[in-house]
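Take the position in the sequence shown, starting the count at 1, then add 220; the result is the number in my numbering.
Beta carbons: idealized from backbone N, C-alpha and C, even for Gly.
Report on the following structure.
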Amino acid sequence: MKKYLLLFSLTASLTACSLEETLYNNPNSETFINNENDVAFQLSGVYNFFTQFGGYAANLTYPILYGGDDIATTGAAQRLFADKSLPASNQYHTGWGIYYNTINNANALMEVVERTDKVSEAFRQRVLGELRFMRGFSYFNLVRFYGGVPIKAVSTTGGSEFYQARNSVDEVYAFLLEDLKKASELCLPFSKQPGPEFGRATKGAAQAVYALASLTYANQLDLADKSGEAQAHYLQAKSYADSVILSGEYALIPDYADLWDINKEKGAYREVIYGIQFTRDALAASASSRGSELAYYTQPSTRNNVCGNVTDGLGAGTLRIQPWFYDYCTTGDFENDYRAEVSFTTTWLNTITGVTRITYPLVRTTNETVEAYPYIDKYKDPDGYQARNNENDLFITRLAEVYLIKAEAENELNGPTEEAYAAFNKLRERARLADGNARETPLNLAAGLTKEEFRRKIFDERGLELVGEGHRWFDLVRMRYQQTNKTMMEHQYADFLPTLLPHTAPTYVSASKTWTGGRVQPLNIVPFHKKFLIWPIPSSEIDANPAMTQNENW
221 MKKYLLLFSL TASLTACSLE ETLYNNPNSE TFINNENDVA FQLSGVYNFF TQFGGYAANL
281 TYPILYGGDD IATTGAAQRL FADKSLPASN QYHTGWGIYY NTINNANALM EVVERTDKVS
341 EAFRQRVLGE LRFMRGFSYF NLVRFYGGVP IKAVSTTGGS EFYQARNSVD EVYAFLLEDL
401 KKASELCLPF SKQPGPEFGR ATKGAAQAVY ALASLTYANQ LDLADKSGEA QAHYLQAKSY
461 ADSVILSGEY ALIPDYADLW DINKEKGAYR EVIYGIQFTR DALAASASSR GSELAYYTQP
521 STRNNVCGNV TDGLGAGTLR IQPWFYDYCT TGDFENDYRA EVSFTTTWLN TITGVTRITY
581 PLVRTTNETV EAYPYIDKYK DPDGYQARNN ENDLFITRLA EVYLIKAEAE NELNGPTEEA
641 YAAFNKLRER ARLADGNARE TPLNLAAGLT KEEFRRKIFD ERGLELVGEG HRWFDLVRMR
701 YQQTNKTMME HQYADFLPTL LPHTAPTYVS ASKTWTGGRV QPLNIVPFHK KFLIWPIPSS
761 EIDANPAMTQ NENW
């Protein structure tokens, strides 16, 4: 933990830079607070870790994107997350450091803001709300990634206990839920921060994340045969989801495609409740920038003008869609679903080479070049500066998800009631609006389902609605399969994926214009193991802290 103390000291020192230099005998964060602008500057530093290359700009997306069963990849680094063979020493699994650095900086600034008399009370409460949100959000991700982790409620100093043991999962959830509850009660604006603070934590963000955290904890209790305890948390999840919905501060964007139009991104925050904001960074290049690489690794390596890659704007093609998942999202309930058309790409023209490419399941009409895997099409930025320096934000939560949280919590409490159906069908209603040319599909979910059937429909709806947004792995490990102690992760890897024989990618047969073979990337289909439900504690933490223990089987 000494490295986090050093990093905060360095950050604090950097924030002191000004044209008029003042030297202090005992430099600390408090000596740099002379007015509200100083606090705002340091508050920006708390958010800073999330947009770094080790954060959501790149590395933090690996476990939440490549860890899902919907993604196909053969990349050496990415496969470790897809097939769950990640060593504890892996350099790309950076969540522990990113979240604890955020927590420590939040703690330090919180302590100063609580004491200082150089800010107004309204400003103090707003900043404390943001810091509570950042700390609670960080612990929510830590407990989902690693299970029980050390709770640090005060900043790390020279006199701190560096060798702190892990708290229990129950203790971590109690702590983070209290943080998010407090954040929602403090003087935050409900939906949008003003001016330069646009995109930062709000009351709506605190309530939406609280709803998901409470739902997730209830799921965990159910899986542990503690359904009696779970009920109170399902009720809280529904209550907080209702608060967001009934506030009237958010609305579903009528055209689903507008959420992903880079030129309309700021307008998307009518629906987006909290997102990690990136920018085309003219002051720093590539991995050092404050830009995103989502467009780079989700777009094909043969499609040009889709990101800031200096080589004709080509993607990297490391993150592709499993063919079986594409089938699932384009048939049955989702046949002719506008969201699938927006979310995936199966054909494109390379305007440099003049070559048109198609993927499964399309067939040649002339001389198109064929690829086996569809791609996610949500992220494109033709005006990006470099491959890793694009504008695309990562949306953490949207109103669409809040409707599904409400539907799921109500279903777990009372079964598929009319209220649960109404929340669920909000997404189907929006999907039918398409691009303004209304469709008859997808149909509203029909009444008459059992609790287990309705839960599965929610899992599937989340799969399409939120594809490529970093939710699938979390859903797999938190949601229960039927009324059992089996997670969706176990069901998918132990029961469903093994049936997709043969375990091969689809192969195009030109003579018959058909696809034969399997519908999976076989490298990503591995036998289920219970360790899939959690990631390893970084070995650097095990080495540095004798009180730290590794997760079982890692």
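Pro416 sits in a helix when the DSSP states are folded into three classes. Distance from Leu633 to Tyr366 at the Cβ level is roughly 29 Å; contact not present, criterion being Cβ atoms closer than 8 Å.
Annotation: Leu663 to Arg648 spans about 7 Å, alpha carbon to alpha carbon. Taking C-alpha positions only, Gly535 is separated from Leu696 by approximately 28 Å. Counting along the chain, the unbroken alpha helix (DSSP H) around Pro543 starts and ends at 543 to 548. Scanning Ser563, Lys402, Ala385, Glu391 for the CA closest to the CA of Met354 turns up Lys402. Gly495: member of the beta strand (DSSP E) spanning 492 to 496, first to last residue. Between the region 510 to 517 and the region 603 to 615 there are three or more inter-stretch CB-CB distances shorter than 8 Å, so the stretches are counted as touching. By the Cβ criterion, the region 415 to 427 is not in contact with the region 498 to 505, since fewer than three pairs of Cβ atoms, one from each stretch, lie closer than 8 Å. From the listed residues Asp553, Val266, Arg344, Phe395, the smallest Cα separation to Ala328 is found for Val266. Phe716 sits away from Met699, with the two beta carbons spaced by 8 Å or more. Membership of Thr736 in the beta strand (DSSP E) is indicated by the continuous run 734 to 737.
Measuring C-alpha to C-alpha distances from Asn645 to each of Leu665, Tyr713, Glu630 identifies Leu665 as the nearest.
Gly552 is classed as exposed because its beta carbon has fewer than 16 other beta carbons within 10 Å across all chains shown.
Straight-line measurement puts the Cα of Ala433 at about 13 Å from the Cα of Glu391. For Asn327, the enclosing alpha helix (DSSP H) covers residues 315 to 335. In the structure shown, the three-state DSSP call for Thr518 is helix.
In terms of CA proximity to Phe410, Val492 leads the group Val492, Arg652, Gln703, Asp763. Rounded to whole angstroms, Ala278 and His691 show a C-alpha spacing of 16 Å. Taking a contact as a CB-CB distance under 8 Å, the pair Thr518 and Leu539 counts as one, their CB atoms being some 5 Å apart.
Using a Cβ distance threshold of 8 Å, Ala627 and Ala457 do not count as a contacting pair. Contact holds between the region 256 to 271 and the region 321 to 341, because three or more Cβ pairs, one in each stretch, are under 8 Å apart. Residue state for Ala457 is assigned as helix, using DSSP reduced to three classes. Listed as beta-bridge partners of Thr271 by DSSP are no residues whatsoever. Contact between Asn773 and His749 is confirmed by a C-beta separation of about 7 Å, below the 8 Å threshold. In the three-state scheme derived from DSSP, where H, G and I count as helix and E and B as strand, Arg577 is classed as strand. Contact check for Asn744 against Ala292 passes: the beta carbons are separated by less than 8 Å. Assigned with DSSP and collapsed to three states, Ala292 falls in strand.
For the pair Ala461 and Ile625, the CB atoms are nearer than the 8 Å cut-off. Pairing Leu285 with Asn361, the inter-Cα distance amounts to about 14 Å.
For Glu591, the uninterrupted beta strand (DSSP E) run begins and ends at 589 to 591, by DSSP. For the set Ala438, Gln311, Glu350, the Cα lying nearest the Cα of Tyr393 is the one of Ala438. Within its own chain, the residues whose Cβ lies closer than 6 Å to the Cβ of Gly419, once the five positions on either side in sequence are excluded, are Gln497, listed in chain order.
If you keep only unbroken alpha helix (DSSP H) runs of at least 4 residues inside the region 631 to 685, you get 638 to 653, 671 to 685. For Ile253, there is no enclosing alpha helix (DSSP H), as DSSP marks it with neither H nor E. Judged by DSSP in its simplified three-state form, Leu280 adopts coil rather than helix or strand.
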